[in-house]
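Residue numbers (the working numbering), protein chains in the order written: chain P, 1 to 201; chain U, 1001 to 1201. We treat Cβ as the ideally placed atom computed from N, Cα and C, and that holds for glycine. These numbers were taken from a predicted model, which means no experiment stands behind them.
2 protein chains.
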Amino acid sequence: MTIAGENTEKSILIAAREVFIAKGFEGARMQEIADHAGINKALLHYYFRSKEKLFEAVFSEVASNLFPAMKQMLEADLQFKEKITMFIRIYLKALEENPFIPAFILNTLNTNPDSFLKYIKKAGLNPKLLQKQIDDEVARGIIRAIKAEHLMVNIIAMCIFPFAARPIVQNIFDMNNDEYQTYLESRQTEIVDFVLKSITV
Amino acid sequence: MTIAGENTEKSILIAAREVFIAKGFEGARMQEIADHAGINKALLHYYFRSKEKLFEAVFSEVASNLFPAMKQMLEADLQFKEKITMFIRIYLKALEENPFIPAFILNTLNTNPDSFLKYIKKAGLNPKLLQKQIDDEVARGIIRAIKAEHLMVNIIAMCIFPFAARPIVQNIFDMNNDEYQTYLESRQTEIVDFVLKSITV
DNA sequence: GTCTATACTCTGATAGAC
DNA sequence: GTCTATCAGAGTATAGAC
């Protein structure tokens, strides 16, 4: 593969990501992707046989931005309160760098749940370890009694929601883009506080 | 309009809701909607000129299931802790009866943000009142210092997430449908506890 | 109001020249 | 590798009979 080829492939992936994120799989047009990449449709098919294949390539790339942070957190050797603090920081940072991911994933979940679940499996995400740790610390009285399934979902939900539902939140609270950016950044310490206050015995 | 006509219109709306929810606007096919309604494509266009019009009708109906509960909460004359307890109960109940709403709205947000924001305005949802109440109670020391924008988003996020991201959550924690139903029901008291623990001074 | 048949447009994909 | 031209299929929408 020539250097020109690599550049083209890369610019296709970037263009495809933009369009798939904005329009979803069904809404995206190969023509629009080609325009964004500054090439023509035929070349898209030359590099990625079909729309499906192109989507999978994009999705794979997107997922690889998010899962490592989660995996790292799940397997770290830390007390839960420290782990949760670290996780929220890493996770929110990843989301700030890729703010489109939640909407993209939730969108994909709707239309093609299997393609996503496949990647969860492939990434080796396993919450059992963290689940066990939470149960342990509850038993030892380090944190208050709470089921791991609830605590974990609560944390993820609070992190993701302002990204996934940004248009609603931003509009309801009447913020401009800069203000929303500040808001997102301030949530880092807020969520940590909120969780720690809630699970303290 | 005859009785038969009303039934047809209703069954079209039901069918359209199912399909739009499952496939999104772009993914939905008029043929599939017609099949679900037990009629043919031509009749769809007879009742709702175009796919767009049909979608708007469905969306309007869906939104009217969710907004009243929020409005009621925002304007109720109760102390914040009671209000929040009531809200979470009402909101989760509405979600259990219409579990498709979050995914549908987030999906719509992606492809057509404006059509959604229009409805928020039209429904007269105004968080200022609740915002002021939270600020007040913080000032009077009834609840700990927390910004209303964070508290409100945290609560909504924890309520909605398990519905919006159901396939992921259910898969990761390896639950079947019945187990997930039980899980969703148990979140009602869980979220109330979680929030109250966190905002207690 | 409801149907069958069809017109028209859009879009994913391919053929083939350079 | 990249382009132009074109096909084949799908999908929305309409015409017109009943």
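Rounded to whole angstroms, the separation of the alpha carbons of L1109/U and A1164/U is 13 angstroms. In this structure, the straight-line span from the alpha carbon of K41/P to that of A28/P is close to 13 angstroms. A straight-line Cα-Cα distance of about 45 angstroms links G141/P and E56/P.
In terms of beta-carbon proximity, S1198/U lines the interface with chain P, with at least one pair separated by less than 9 angstroms. Non-local C-beta neighbours of P99/P in its own chain, meaning closer than 7 angstroms and more than five positions away in sequence, comprise F163, ordered along the chain. The beta-carbon separation of N1107/U and N107/P, rounded to 6 angstroms, stays under the 8 angstroms limit for a contact. Collapsing the DSSP output to three states places N1040/U in coil. Residues of the segment 63-93 of chain P with a C-beta less than 8 angstroms from any C-beta of chain U: none at all.
Judged by beta-carbon spacing, F1080/U lies within the 9 angstroms limit of Q1133/U, meaning their Cβ atoms are closer than that value. Only those residues of the segment 107-120 of chain P whose C-beta falls short of 8 angstroms from the nearest C-beta of chain U are listed: N107, L109, N110, T111, P113, F116, L117, I120. Across the segment 26-46 of chain P, CB contacts with chain U closer than 9 angstroms involve E26, G27, A28, in sequence order along the chain.
Within chain U, the residues F1161, P1162, V1169 have their CB atoms less than 7 angstroms from the CB of V153/P, given in chain order.
Rounded to whole angstroms, the gap between the alpha carbons of M152/P and I172/P is 27 angstroms. When the Cα atoms are used, D135/P and D77/P turn out to be separated by approximately 15 angstroms.
Counting C-beta pairs closer than 8 angstroms gives fewer than three between the segment 1116-1123 of chain U and the segment 115-124 of chain P, which falls short of the contact rule. Judged by their CB atoms, I21/P and F87/P are not nearer to each other than the 9 angstroms cut-off.
Excluding five sequence positions before and after S60/P, the CB atoms of its chain that fall closer than 8 angstroms to its own CB belong to Y119, given in chain order. Taking 9 angstroms as the cut-off, the Cβ atoms of Q1188/U and N1177/U do not count as close. Residue contact check for L129/P against chain U: no CB pair falls below 9 angstroms.
Residues of the segment 178-189 of chain P whose Cβ lies closer than 8 angstroms to any Cβ of chain U, in chain order: Y183, S186, R187.
With respect to chain U, the C-beta atom of I146/P has a partner C-beta closer than 9 angstroms.
The beta-carbon of L54/P is placed no less than 9 angstroms from the nearest beta-carbon of chain U.
Interface residue (Cβ-Cβ distance to chain U less than 9 angstroms): I101/P is not classified as such. Using a Cβ-Cβ cut-off of 9 angstroms, V1195/U counts as an interface residue toward chain P, since at least one Cβ of chain P sits closer than that to its own. One Cα belongs to Y1046/U, the other to Q1031/U, and the distance between them is close to 14 angstroms. Taking E1137/U as the centre and dropping the five residues before and after it, the same chain places the C-beta of F1080, I1143 closer than 6 angstroms to its C-beta, in chain order. Under the 9 angstroms criterion on CB atoms, K1132/U is classed as non-interfacial with respect to chain P. Counted as a single uninterrupted DSSP element, the alpha helix (DSSP H) harbouring K1121/U occupies residues 1113-1123. The closest CA to that of A15/P, considering only A34/P, S64/P, M73/P, is found on A34/P.
Cβ-Cβ distances below 7 angstroms link K1071/U to A1123, G1124, L1125 in the same chain, with the five nearest sequence neighbours on each side left out; the list follows chain order.
Nearest CB-CB separation between E149/P and chain U: below the 9 angstroms threshold. Annotation: F1025/U to E26/P spans about 9 angstroms, alpha carbon to alpha carbon. Within the segment 31-111 of chain P, the complete alpha helix (DSSP H) runs of at least 4 residues fall at 41-47, 51-75, 80-97, 101-111. Around the beta carbon of A1145/U, a 10 Å sphere encloses fewer than 16 other beta carbons of the protein chains shown; the residue is thus reported as exposed. T189/P: member of the alpha helix (DSSP H) spanning 177-199, first to last residue.
The C-beta distance from I1155/U to I1090/U rounds to 12 angstroms, too long to meet the 8 angstroms contact threshold.
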